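Participant:
In my numbering, the protein residues as written are 354 to 575.
1. Can you list, in chain order, the residues of its chain with a C-beta nearer than 6 Å to that of residue 555? Leave out the 5 residues immediately preceding and following it.
2. Give the single residue among 547, 553, 530, 359 whose Cα lies nearest to the Cα of residue 559.
3. Considering only DSSP beta bridges, list what residue 366 is partnered with.
4. Quick check on the DSSP output: what are the complete alpha helix (DSSP H) runs of length 4 or more inside the stretch 489 to 560, in order along the chain?
5. Would you tell me roughly how many angstroms separate the C-alpha atoms of residue 483 and residue 452, rounded to the nearest one?
6. Below 8 Å CB to CB, which residues in the same chain sit around residue 354 once its five sequence neighbours on both sides are set aside?
7. Three-state secondary structure (DSSP) at residue 438?
8. Tell me which same chain residues have a C-beta within less than 6 Å of the C-beta of residue 384, skipping the five on either side of it?
9. Would you kindly report the start and end of the unbroken alpha helix (DSSP H) that includes residue 472?
10. Where does residue 460 sit, in a helix, a strand or coil, going by DSSP?
11. Just checking my contact of residue 499 with residue 532 at CB under 8 Å: how many whole Å lie between their CB atoms?
12. Kindly indicate which residue of 388, 373, 376 has the alpha-carbon position closest to the one of residue 421.
13. Among residues of its own chain, excluding the 5 on either side of residue 496, which ones have a beta-carbon nearer than 8 Å to its beta-carbon?
14. When burial is assigned at 16 or more other CB atoms within 10 Å of the CB, is residue 416 buried or exposed?
15. Starting from residue 415 and walking both ways along the alpha helix (DSSP H), at which residues does that stretch end?
16. Do you know whose CA, among 487, 522, 461, 469, lies nearest residue 493's CA?
17. Can you tell which of 515, 410, 449, 426 has the C-alpha that lies nearest to the C-alpha of residue 562?
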């Protein structure tokens with residue numbers, strides 16, 4: 354019998370992993386090296402979610418020219434790829450959630466605006482054997498909130514959107530789910546507030562990873 358939902362797609366930063374400290378350290382290392390004022394954690398939190406170019410662009414002064422942004426972005430990428438596992442950790446309860454989904458035969462994936470290489474490496478390092486497909490930002494494919502990465506994942510998993518749930522912590526994730534035609538579960542333990550998720554129109558909102566199992570059961574019965 355076909356399960357009502359047999360696939361769950363997760364965002365990465367702010368949903369499965371708390372990456373904020375490593376992102377902030379990497380941004381501020383570059384800013385310091387280049388003679389710019391550093392950014393605090395809350396500023397970095399607000400800038401995360403739209404890809405690394407946007408993160409670097411927002412972190413630099415508003416009048417920074419494109420060439421300088423790209424130069425700093427290159428330095429950021431080099432530094433971050435070498436230091437992205439220093440402080441990053443899964444949120445409490447995430448590993449148990451992924452194991453539970455695997456035991457139930459649910460297909461899982463990650464769709465992120467993080468660099469594709471970093472996305473794949475992090476999923477392999479922290480969640481080896483628990484994520485079926487991981488897709489990040491790469492040239493030639495539109496970032497979230499465009500649905501392109503979601504459609505790529507569905508194709509690789511041989512899944513259908515009507516049997517798929519999208520889970521994320523940001524307005525970008527809610528928009529992505531809507532653009533792809535997926536039901537969206539917003540999570541409040543990440544980088545955006547419950548109010549942002551409500552305003553964006555998340556279908557459901559949960560405060561702890563443990564709540565997803567109950568929600569999944571309810572949705573499967575509806």
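All residues carry an ideal CB built from backbone N, CA and C; glycine is no exception.
No experiment lies behind these values; they were computed from the predicted model shown.
Facilitator: This is what the structure gives:
1. In the chain shown, the residue the question calls residue 555 occupies position 202. So the qualifying residues of the chain are 527, 537, 539.
2. The count along the chain shown starts at 1 and reaches residue 559 at position 206. Ranking 547, 553, 530, 359 by Cα distance to residue 559 puts 547 first.
3. Taking the chain shown and counting its residues from 1, one reaches residue 366 at position 13. Paired residues: 370.
4. 501 to 510, 524 to 533, 547 to 553
5. In the chain shown, residue 483 corresponds to position 130, counting from 1. In the chain shown, residue 452 corresponds to position 99, counting from 1. Approximately 6 Å between the Cα atoms of the pair.
6. As a working mapping, residue 354 is identified with position 1 in the chain shown. Reliability fails at residue 354, whose pLDDT of 48 lies under 50, so the model's placement of it is uncertain and no value is given.
7. Locating residue 438 in the chain shown gives position 85, counting from the first residue. Note: residue 438 maps to coil in three-state DSSP.
8. For the purposes of this step, residue 384 is identified with residue 31 of the chain shown, where counting begins at 1. Contacts found: 391.
9. What you label residue 472 is simply residue 119 of the chain shown in a count that begins at 1. Per DSSP, residue 472 belongs to the alpha helix (DSSP H) from 469 to 479.
10. Residue mapping note: residue 460 aligns to position 107 of the chain shown, counting from 1. Looking at residue 460 - three-state DSSP - the assignment turns out to be strand.
11. Against the chain shown, residue 499 aligns to sequence position 146. Against the chain shown, residue 532 aligns to sequence position 179. Between residue 532 and residue 499 the Cβ distance is about 7 Å, and since that is below 8 Å, they are a contact.
12. Looking up residue 421 in the chain shown gives position 68. Out of 388, 373, 376, 388 has the C-alpha closest to the C-alpha of residue 421.
13. Stepping through the chain shown from its first residue, residue 496 is reached at position 143. Answer for residue 496: 403, 404, 466, 490, 502, listed in chain order.
14. Here the question's residue 416 lines up with position 63 in the chain shown. Residue 416 is exposed by the Cβ-count criterion.
15. Here residue 415 refers to the residue found at position 62 when the chain shown is read from its first residue. Note, residue 415: premise wrong, no alpha helix (DSSP H); not H, not E.
16. Numbered from its first residue, the chain shown carries residue 493 at position 140. Here the closest residue by C-alpha is 469.
17. In the chain shown, residue 562 corresponds to position 209, counting from 1. Minimum Cα distance to residue 562 is reached at 449.
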